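If you want it as structure tokens, here you go:
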């Protein structure tokens, strides 16, 4: 870290706006090194907390990154933009950082306003938000674009994606959160730069930004409790087929997973799901256990946006069960309203 935060930080800064995007990415990596040093080093052996110098170093690097971002927009050196002969000694950098924060916020507000004007209307019911401080801050100011799309909207995601991607700068992720009756359908949240992929682990944060509640997916959670051990069981079965045998430990692991699967199946049977859907789930599980469908073998394809037969069936089941959760959530909203009437 000390080697990286050497004269190169200043030398490359002086050359701005030349190489601004590369400089932003590089400084972002340095900030990651500093944060790792704060978290991972055994500071408790020497003192009660990480050195204050690490916090100061983070502050300086964040300021340099922001100034580099501004330079990429203005296409001029930060020394030209923030030249102030009257600045007090030792204050010029902090003064420039305060000014660039104001510019940063103004740029984000303008970006958000422009994109909303192009993408959102009363007709489609969509809303747009910026997810500030994107994970990959190549485009400045760093922010991903979040679209909330009502499931009853006329918006076709496949068609709209091309339009959105053509307008939004290439370095910004586009994130899509389907919504219904004030709830976010986190199981169907997607995001990407070139292609859209499912990103359920981020969707709860998106709900907070969009001002909606995550849909209580009671039945979907019960289905997940079935599919998680099912994928592992299928993986073990595939491994045994290629290996030609099994050890007692492997068999014990398989038996434990099978027991967990059967318990989850019993729990699912007791939920408010139609006999038709329950039967389809049981048929799917039996097909995977019999080797007719392979969840494990197709899992890697899902990561690149492709789905095989097994995952297509699972997607259909997930959609049907999510519709059950939506109906239950809608009913819970209607009942208090009817009681008031």
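In the numbering used here, the protein residues as written are 1095 to 1435. By construction, the Cβ of each residue, glycine as well, lies at the ideal position given by its N, Cα and C atoms. This one's a predicted model, so the numbers in the text were calculated from it and none came from an experiment.
- Around the beta carbon of residue 1256, a 10 Å sphere encloses fewer than 16 other beta carbons of the protein chains shown; the residue is thus reported as exposed.
- In the displayed model, residue 1099 falls within coil according to three-state DSSP, outside both helix and strand.
- Straight through space, the alpha carbons of residue 1345 and residue 1337 are spaced by roughly 13 Å.
- In the three-state DSSP reduction, residue 1238 falls in the strand class (E or B).
- Close CB contacts of residue 1221 within its chain, under the 7 Å cut and outside five residues either way in sequence, are with 1214, 1242, 1304 (chain order).
- Rounded to the nearest angstrom, the gap between the Cα atoms of residue 1174 and residue 1162 is 13 Å.
- For residue 1226, no alpha helix (DSSP H) segment is defined; the enclosing uninterrupted segment is the beta strand (DSSP E) at 1221 to 1226.
- Proximity to residue 1411 across 1392, 1372, 1395, 1309 peaks at 1372, based on C-alpha coordinates.
- By the C-beta density criterion, residue 1108 is exposed, having fewer than 16 other C-beta atoms within 10 angstroms.
- With fewer than 16 other beta carbons inside 10 angstroms of its own, residue 1368 counts as exposed.
- Taking residue 1189 as the centre and dropping the five residues before and after it, the same chain places the C-beta of 1176, 1178, 1181 closer than 8 Å to its C-beta, in chain order.
- Residue 1361 is not a Cβ neighbour of residue 1315, given a cutoff of 8 Å.
- Annotation for residue 1274: no alpha helix (DSSP H) segment contains it, though the beta strand (DSSP E) segment containing it runs 1268 to 1274.
- If you draw a 10 Å sphere on the C-beta of residue 1111, you find 16 or more other C-beta atoms in it, and that means buried.
- Following the DSSP letters along the chain, one finds residue 1285 inside the beta strand (DSSP E) bounded by residues 1284 to 1286.
- In chain order, 1365, 1367, 1415, 1418, 1419 place their CB closer than 7 Å to the CB of residue 1313, counting only its own chain and leaving out the 5 sequence neighbours on each side.
- Under the three-state reduction of DSSP output, residue 1308 falls in the strand class.
- Contact check for residue 1237 and residue 1224: beta-carbon distance about 4 Å, within the 8 Å limit, so the pair qualifies.
- Residues 1110 of the same chain have their beta carbon placed closer than 6 Å to that of residue 1171, with the five preceding and five following residues left out of the count.
- Rounded to whole angstroms, the gap between the alpha carbons of residue 1329 and residue 1283 is 26 Å.
- Pairing residue 1409 with residue 1259, the inter-Cα distance amounts to about 25 Å.
- Around the beta-carbon of residue 1136, fewer than 16 other beta-carbon atoms lie within 10 Å, marking it exposed.
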